[in-house]
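Accompanying notes for the structure given below.
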């Protein structure tokens, strides 16, 4: 293994940390998407018979959409930070994920 300077090691550590946070966000977004699909099914199934339940489900879905929006905005910040770190961590030949 080639010797890596401290700045490169620190950049790679930061890059790895950002990547880990990004994976956690993706997992949360997957949960949001699955929850929204479930809300949609329950809403459609109950729309003609229990409008109070449907309105509650719509409120729950709205919260999940808001959470997903927040996660996506955080994802944009993480992606920008990773892009900025990539040259210091991997040089210019590292392919993007």
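Numbering (the working numbering), first residue to last: 383 to 479. Just so you know, even glycine gets a beta-carbon here, dropped at the ideal spot from N, CA and C. For clarity, every value in this text was computed on a predicted model and none was experimentally measured.
Residue 441: which of 421, 467, 393, 431 sits nearest, CA to CA?
It is 421.
Can you give me the C-alpha to C-alpha distance between residue 388 and residue 452, rounded to a whole angstrom?
The alpha-carbon atoms of residue 388 and residue 452 are separated by roughly 34 Å.
Please go through the same chain and pick out, in chain order, the residues whose beta-carbon is closer than 6 Å to the beta-carbon of residue 393, but skip the five residues on each side of it.
Closer than 6 Å at Cβ, skipping near neighbours: 467, 470, 471.
Would you mind listing the alpha helix (DSSP H) stretches within the stretch 405 to 437 that are 4+ residues and don't spill past its ends, in chain order?
Runs found: none.
When you compare the CB positions of residue 400 and residue 464, do they come within less than 7 Å of one another, or not?
Result yes, Cβ atoms of residue 400 and residue 464 sit closer than 7 Å.
Just to confirm my understanding: we take residue 446, look at its own chain, exclude 5 residues before and 5 after, and list those with CB closer than 8 Å. What are they?
Cβ neighbours of residue 446 beyond the five flanking positions: 414, 417, 418, 421.
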